[in-house]
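Data block below; observations after.
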Amino acid sequence: MGTVIRRRTQENYDEVGRHAARGRRGMVLRARRPLRNQGVTLSKRAVLIGGGALALSGCFRPRRQSMPHLVHRTIESLPTTTLQWLSLRDHFVATVGPRAGEGRRMGPVLVLADATFAPHSRFPIHPHREMDILSVVVDGSLSHHGDQAHGVTLGPRSAQLISARSGIVHAEGNDTDQPTRMLQIWFQPNTFGGAPAYFTRELAGQGRQLLAGDPEMPLRADARLWWVDLVPGSEETLIVDRARQGYLLAMTSRLRIAAVGSEPTLELAIGEGLEVGPGAVSVSSDRAGAALWLDVA
Numbered sequence: 001m002g003t004v005i006r007r008r009t010q011e012n013y014d015e016v017g018r019h020a021a022r023g024r025r026g027m028v029l030r031a032r033r034p035l036r037n038q039g040v041t042l043s044k045r046a047v048l049i050g051g052g053a054l055a056l057s058g059c060f061r062p063r064r065q066s067m068p069h070l071v072h073r074t075i076e077s078l079p080t081t082t083l084q085w086l087s088l089r090d091h092f093v094a095t096v097g098p099r100a101g102e103g104r105r106m107g108p109v110l111v112l113a114d115a116t117f118a119p120h121s122r123f124p125i126h127p128h129r130e131m132d133i134l135s136v137v138v139d140g141s142l143s144h145h146g147d148q149a150h151g152v153t154l155g156p157r158s159a160q161l162i163s164a165r166s167g168i169v170h171a172e173g174n175d176t177d178q179p180t181r182m183l184q185i186w187f188q189p190n191t192f193g194g195a196p197a198y199f200t201r202e203l204a205g206q207g208r209q210l211l212a213g214d215p216e217m218p219l220r221a222d223a224r225l226w227w228v229d230l231v232p233g234s235e236e237t238l239i240v241d242r243a244r245q246g247y248l249l250a251m252t253s254r255l256r257i258a259a260v261g262s263e264p265t266l267e268l269a270i271g272e273g274l275e276v277g278p279g280a281v282s283v284s285s286d287r288a289g290a291a292l293w294l295d296v297a
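For what it's worth, this note's numbering labels the leading residue of the sequence shown as 1, then goes sequentially.
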């Protein structure tokens with residue numbers, strides 16, 4: 001029995017009427033024998049590895065392992081909103097534009113929006129309630145407006161977590177002369193009530209750094225997120241424990257994905273994502289860049 005990784009593209013949507021009717025999503029197939037022209041056929045069995053959600057590869061050559069269940073989220077498959085002042089791709093539930101409401105969540109993650117603001121532009125003032133909202137600046141400068149006691153301007157490699165709780169009214173945008181690219185992730189909380197809370201983090205070093213999911217950036221959801229710097233010639237091993245899910249986003253460079261100890265079999269372009277089931281994958285890049293890694297229940 002094999003596991004078929006099917007890339008989500010517009011052509012996939014046109015082939016599968018049931019999924020096209022439900023937000024034009026792609027699909028992942030499992031088959032008893034290889035399917036022709038449907039992707040890459042791999043061993044059915046994923047090796048489960050305990051421990052942390054993300055581990056750095058060591059100096060030794062790891063033993064070859066089979067690939068876990070993967071879903072490649074291509075650029076073409078992502079709901080996209082393009083306005084004069086904003087370009088936005090949503091990896092999960094689309095929130096704005098003509099495709100609002102499409103997509104599906106991943107555990108507590110409702111939204112993972114990859115947005116680029118034009119200079120001197122921002123969202124209109126809008127409310128949030130009982131939602132944890134993490135904003136990560138990839139390039140440029142992001143300003144948070146609303147409650148002036150918690151206004152903040154973030155630079156590259158920094159993040160703000162807003163736990164909206166009983167309710168906030170705010171807006172975020174770009175007050176500079178250059179474009180700003182940011183990621184915003186919405187989490188459905190598992191506890192409710194209380195006054196809104198605000199947290200910020202700046203990443204000072206290089207390598208794998210936790211963005212949220214610890215006491216300093218406390219999510220009210222079973223989730224953790226990392227900023228992962230990639231250096232040519234090195235590999236990162238991403239591990240997903242049993243009963244959890246992972247999501248990898250290629251932020252600033254193309255990524256090569258392989259079963260641990262094997263040659264790469266899949267590439268992610270900048271802006272593309274990859275759902276990762278329980279098991280382990282090896283990630284590398286031909287040039288210096290960064291990725292976002294999520295681990296959720």
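By construction, the Cβ of each residue, glycine as well, lies at the ideal position given by its N, Cα and C atoms.
Assigned exposure category for residue i - 16 Cβ within 10 Å defines buried
{"i": "Pro127", "result": "exposed"}
{"i": "Ser285", "result": "buried"}
{"i": "Ser234", "result": "exposed"}
{"i": "Ala53", "result": "Because Ala53 carries a pLDDT of 37, less than 50, the predicted location of this residue cannot be relied on, and the following value inherits that uncertainty. It counts as buried."}
{"i": "His72", "result": "buried"}
{"i": "Pro300", "result": "A query on residue 300 cannot be resolved here, the shown segment of the chain reaching from 1 to 297 and no further."}
{"i": "Glu263", "result": "exposed"}
Residue i versus residue j: straight-line alpha-carbon distance, rounded
{"i": "Arg157", "j": "Leu134", "result": "13 Å"}
{"i": "Pro232", "j": "Arg256", "result": "11 Å"}
{"i": "Trp186", "j": "Leu230", "result": "25 Å"}
{"i": "Ala118", "j": "Arg89", "result": "15 Å"}
{"i": "Gly289", "j": "Phe199", "result": "26 Å"}
{"i": "Arg224", "j": "Thr176", "result": "30 Å"}
{"i": "Ala297", "j": "Arg242", "result": "9 Å"}
{"i": "Leu142", "j": "Leu154", "result": "5 Å"}
{"i": "Asp214", "j": "Arg165", "result": "18 Å"}
Cutoff 6 Å; reference residue i; Cβ partners in own chain excluding five residues on either side
{"i": "Ala197", "result": "Ser163"}
{"i": "Leu183", "result": "Asp114, Val136"}
{"i": "Arg201", "result": "Ala159, Met217"}
Extent of the continuous beta strand (DSSP E) run through residue i
{"i": "Phe187", "result": "180-187"}
{"i": "Gly273", "result": "273-276"}
{"i": "Thr265", "result": "Careful: Thr265 lies outside any beta strand (DSSP E) and carries neither H nor E."}
{"i": "Asn174", "result": "168-174"}
{"i": "Ser158", "result": "158-163"}
Distance between beta carbons of residue j and residue i, contact taken as under 8 Å
{"i": "Val111", "j": "Val138", "result": "Between Val138 and Val111 the Cβ distance is about 16 Å, and since that is not below 8 Å, they are no contact."}
{"i": "Val228", "j": "Glu236", "result": "6 Å"}
{"i": "Val283", "j": "Leu249", "result": "So it is not a contact: roughly 11 Å between Cβ atoms."}
{"i": "Leu211", "j": "Ala291", "result": "The pair is not a contact, with the Cβ atoms about 12 Å apart (cut-off 8 Å)."}
Residues of its chain near residue i, where Cβ-Cβ distance is below 8 Å and the 5 sequence neighbours each way are ignored
{"i": "Ile75", "result": "Arg89, Ala269, Gly271, Glu272"}
{"i": "Ile168", "result": "Pro127, His128, Arg129, Gly146, Asp147, Ile162, Pro196"}
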